[in-house]
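Straight run, no breaks: the sequence shown in the working numbering ends on number 172.
Here is the structure we will look at.
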Amino acid sequence: MNWTDYLQVAFSIVGIIATFLLFWIGHWLNKKLNKKIAEENDNKEKIKALEKAIDQQLKKEHLELTNGIKNILEELKESSEINNKILKSIQNLLQTKMEENAIIQATKEENILFSNFLQTENSFIEKFDVFGKSDDLQNIKNIKGLKTVKKLQKKKRDNSIKTKQFIKKKKK
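Below you can see the structure in the form of structure tokens.
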């Protein structure tokens, strides 16, 4: 064998070793690459799962918030209706009180007028007493005064009855 044959055998051995090394490096690189791809796929799946969970949580919170706002609006509406009813009741009471006060004021004025009338009548009768006709005038006073008093008392009763009827109507 000559030196070229040795050289060929050496190159063959080197080729086999180089092929084995290349195969082993390729296998090692492929393994690393597959591992990286698997990690990326896992990460993508985890990211999708997190996004899905976040979306569900956001939808749930949005629904709760919307329901809470609806409940608050309904409570405000009910409160507003109650306040309006209370306000109307207060206005009705105030109107009734004002009418009652007007009736009471009218009754007071009637009583003052009646009192003034009686004082005027008494002073008129007293003037006639000076002339010595007190017995006749006293009888006239008693008769006229009694009739006037009875008329005024009847008028006062009628007004009182009308007032009570008016108040009953307003309360209904």
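We put the CB at the ideal spot given by N, CA and C, even for glycine.
Values in this document were obtained by computation on a predicted structure and should not be read as measured data.
With burial defined as no fewer than 16 other Cβ atoms inside 10 Å of the residue's Cβ, what is the status of residue i: buried or exposed?
{"i": "residue 6", "result": "exposed"}
{"i": "residue 130", "result": "Annotation note: pLDDT 49 at residue 130 (below 50); position unreliable, coordinate value reported separately. Looking at its Cβ environment, which holds fewer than 16 other Cβ atoms inside 10 Å, residue 130 is exposed."}
{"i": "residue 169", "result": "exposed"}
Using only CA atoms, which one of the options lies nearest to residue i?
{"i": "residue 160", "options": "115, 113 and 105", "result": "105"}
Complete beta strand (DSSP E) runs within the region 37-84 (minimum length 3 residues, chain order): none
The region 62-70 in contact with the region 105-122 per 3-pair CB rule at 8 Å: no
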